[in-house]
């Protein structure tokens, strides 16, 4: 029921209030003496070099894409695990279908591994 | 109570979606897209689809947004370049597809209003069995083929990403 979601709502409200409170209060009471050096971007104490928006390596894309795909795979595991016991009493079909699913994705995983997509260099 | 939350989520979703397409900076657009995803997750909660709501947050607001941001950094969009408007073919094609989508939405809403409010699984039944149990029970029996097809789709995604991202770009970090 929607009524059961009230704890989530309370949690969200507390989170918003705490974050807004901390940021708002520091903004109100914090001393502000800006000068050009203070406002410059902090780069580990060094003089800032170049700009923030440099071109990222395509490897990040591969990592992110693989993460999304295996993330979705894990999402499918969850309802499977929940109904596993119930459907196992009707035969081992539930086990076989997940083995086929994982087997197909294992092919993808081995492909990624062999192609060196999991290595950084 | 539910109606109030529905309007809150609906207005947030629509406003953030509009802001997403109107903002010039793609990173701000991405942030508004996250807000849209969260409002949609709120809608799923209101529809008693808790599992879908959580998956929406984990997969869309989490994983897919990371992917979008990486692609943005990859393309390195500094300034939005405005294409000249005079593209009659694209505008016509876009209008036709938008119209088809509108008609489809209209029919879905009409069917939803007239035939039945809920399908085979009204909220009372889902609450008795459990949201995840219903999805699992249906997915691994009646909808087995789409489930296995999804694994092939994921496999194609893995291979496609690796093939596309194989080459080393010049002047990359």
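Protein chains in written order, with the numbering used here: chain P, 4 to 124; chain E, 18 to 190. Every residue gets a Cβ at the ideal spot worked out from N, C-alpha and C, and that includes glycine.
Just the C-alpha distance for residue i and residue j, rounded to the nearest angstrom, thanks.
| i | j | result |
| --- | --- | --- |
| residue 52 of chain E | residue 54 of chain P | 28 angstroms |
| residue 190 of chain E | residue 121 of chain P | Residue placement at residue 190 of chain E cannot be trusted, given a pLDDT of 45 that sits under 50; what the coordinates show is reported in the next sentence. One C-alpha to the other measures close to 18 angstroms. |
| residue 37 of chain P | residue 45 of chain P | 14 angstroms |
| residue 76 of chain E | residue 84 of chain P | 19 angstroms |
| residue 174 of chain E | residue 91 of chain E | 19 angstroms |
| residue 137 of chain E | residue 151 of chain E | 11 angstroms |
| residue 23 of chain P | residue 129 of chain E | 40 angstroms |
| residue 55 of chain E | residue 78 of chain E | 7 angstroms |
| residue 122 of chain E | residue 113 of chain E | 14 angstroms |
| residue 35 of chain P | residue 45 of chain E | 27 angstroms |
For the alpha helix (DSSP H) holding residue i, just list the boundary residues, first then last.
| i | result |
| --- | --- |
| residue 113 of chain E | 105-131 |
| residue 22 of chain E | 19-39 |
| residue 67 of chain E | 67-72 |
| residue 98 of chain P | 96-117 |
| residue 62 of chain P | 61-91 |
| residue 30 of chain P | 9-32 |
| residue 147 of chain E | Per DSSP, residue 147 of chain E belongs to no alpha helix (DSSP H) and is neither H nor E. |
| residue 158 of chain E | Segment: none, residue 158 of chain E is in no alpha helix (DSSP H) and carries neither H nor E. |
| residue 59 of chain E | 43-63 |
From the DSSP output, which residues share a beta bridge with residue i?
| i | result |
| --- | --- |
| residue 49 of chain P | P:46 |
Consider the Cβ of residue i: report whether some Cβ of chain E lies at a distance smaller than 8 angstroms.
| i | result |
| --- | --- |
| residue 38 of chain P | no |
| residue 45 of chain P | no |
| residue 97 of chain P | yes |
| residue 82 of chain P | yes |
| residue 48 of chain P | no |
Using beta-carbon positions only, say whether residue i and residue j come within less than 8 angstroms of one another.
| i | j | result |
| --- | --- | --- |
| residue 30 of chain E | residue 57 of chain E | yes |
| residue 87 of chain E | residue 64 of chain P | yes |
| residue 33 of chain E | residue 23 of chain E | no |
| residue 85 of chain E | residue 115 of chain E | no |
| residue 108 of chain P | residue 168 of chain E | yes |
| residue 77 of chain P | residue 72 of chain E | no |
| residue 157 of chain E | residue 103 of chain P | no |
| residue 7 of chain P | residue 161 of chain E | no |
| residue 125 of chain P | residue 178 of chain E | In the structure displayed, chain P extends from 4 to 124; residue 125 of chain P sits before or after that span and is not available. |
| residue 182 of chain E | residue 61 of chain P | yes |
| residue 172 of chain E | residue 111 of chain P | yes |
Are any of the Cβ atoms in chain P nearer than 8 angstroms to that of residue i?
| i | result |
| --- | --- |
| residue 60 of chain E | no |
| residue 178 of chain E | yes |
| residue 157 of chain E | yes |
| residue 46 of chain E | no |
| residue 32 of chain E | no |
| residue 56 of chain E | no |
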